[in-house]
Amino acid sequence: MHDNKFLSKTIIAISLILLHRATGDICKFNIKLIQTLHSEGFHRNITYEITFGTPEDDGNEYEGCSVGLEQILPAGLYANPDELEELRYKTPTVFKDKVDIEGAAEISTPITVHLLGSVYKHRVLLSLPVHARYHKAVAGGGSARVNIPTPKFFINCGPKKLEKCVEVSSTNSFCPRSQNKCFWKHVPITVGEGLSWYVPRGDTNHHNLAMFGTAVVIAFGSLYLLKQIHFYNIRQHRAKKED
């Protein structure tokens, strides 16, 4: 009888150790995110490379899980939902706010975007085309620095994996309010350097010069047009006399 009790306690202890190890591995969240801003000018592309696991932990427990990024675009930038729809963009994208693509940076508000993907071979690649808004000209011109914040990371591995992790949140913006239970979890990740975009802006010191140049062009254009009208009337008058 004592042997049976000892055997039962041993089995329970081993089970708890295995459970702790399994829980500990997936709850370490060995997830890394690298953001990169590509191209130049006013139209660029942000890519997100997400890797799972370390040399000691291959990250297989995340294989097939759904991944979501919540990216906030500051007022100086925007993404165009119509553009993404027309291109049938490879990264499923959900806009949480209405987008005004015509507004200047000074009168615009930040935009929240959700990017979706799934883990394949321990990694996820997502991308988002972004555009710079017009920034009001200032004395001396130069550029406006637009800082792109680090996105929040969410993962959905179903009901059986991350439920063991007490660190994860129970509700978040990826879950519809109608759901009784949320399988999307906001988890910590290792993030590389943040992104900054220097957007060119006009120089108000050139405003008077530009106005003068515009006035000169309009004046010469008007004189040329009046001259042509005058010559046309003379030709018409001569033609009538000859008739």
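Numbering-wise, the sequence shown is residues -24 to -1, 1 to 219 according to mature numbering (1 follows the signal peptide of the UniProt record, and there is no 0).
No residue lacks a Cβ here, since even glycine has one placed at the ideal position from N, Cα and C.
When the options are compared against residue i, the one with the closest alpha-carbon
{"i": "residue 178", "options": "196, 109, 206, 97", "result": "109"}
{"i": "residue 161", "options": "148, 169, 170, 212", "result": "148"}
{"i": "residue 59", "options": "76, 94, 85", "result": "76"}
{"i": "residue 50", "options": "25, 216, 80", "result": "80"}
{"i": "residue 157", "options": "82, 3, 135", "result": "135"}
{"i": "residue 117", "options": "127, 106, 175, 215", "result": "175"}
{"i": "residue 74", "options": "56, 83, 62", "result": "56"}
{"i": "residue 138", "options": "14, 27, 41", "result": "41"}
{"i": "residue 96", "options": "214, 28, 121, 152", "result": "28"}
{"i": "residue 127", "options": "212, 37, 39, 43", "result": "43"}
{"i": "residue 37", "options": "133, 203, 84, 217", "result": "133"}
Residue range of the unbroken beta strand (DSSP E) whose run includes residue i
{"i": "residue 102", "result": "99 to 108"}
{"i": "residue 25", "result": "19 to 28"}
{"i": "residue 91", "result": "87 to 94"}
{"i": "residue 176", "result": "171 to 176"}
{"i": "residue 69", "result": "69 to 71"}
{"i": "residue 6", "result": "Run containing residue 6: none; DSSP gives neither H nor E here."}
{"i": "residue 46", "result": "42 to 49"}
{"i": "residue 128", "result": "128 to 132"}
{"i": "residue 122", "result": "119 to 124"}
{"i": "residue 162", "result": "160 to 162"}
Per-residue burial, residue i [other beta carbons within 10 Å of its own, 16 or more giving buried]
{"i": "residue 125", "result": "exposed"}
{"i": "residue 104", "result": "buried"}
{"i": "residue 53", "result": "buried"}
{"i": "residue 11", "result": "buried"}
{"i": "residue 193", "result": "exposed"}
{"i": "residue 45", "result": "buried"}
{"i": "residue 172", "result": "exposed"}
{"i": "residue 111", "result": "buried"}
{"i": "residue 15", "result": "exposed"}
{"i": "residue 114", "result": "exposed"}
{"i": "residue 26", "result": "buried"}
{"i": "residue 93", "result": "buried"}
{"i": "residue -1", "result": "At residue -1, the pLDDT of 44 sits below 50, so the modelled position is not reliable; the number obtained from the coordinates is stated separately. Exposed, because fewer than 16 other Cβ atoms sit within 10 Å of the Cβ of residue -1."}
{"i": "residue 208", "result": "exposed"}
N- and C-terminal bounds of the alpha helix (DSSP H) containing residue i
{"i": "residue 57", "result": "57 to 63"}
Integer-rounded CB distance, given that residue j should sit under 8 Å from residue i
{"i": "residue 163", "j": "residue 5", "result": "5 Å"}
{"i": "residue 150", "j": "residue 130", "result": "5 Å"}
{"i": "residue 22", "j": "residue 106", "result": "6 Å"}
{"i": "residue 9", "j": "residue 24", "result": "6 Å"}
Practice task
Pair every Cβ in the region 81 to 91 with every Cβ in the region 59 to 71, then say whether three or more of these pairs are closer than 8 Å.
Solution key: yes
Problem - Stretch pair the region 97 to 111 + the region 161 to 172: three plus CB contacts closer than 8 Å - result: Here the region 97 to 111 makes no contact with the region 161 to 172; the two share fewer than three CB pairs at distances below 8 Å.
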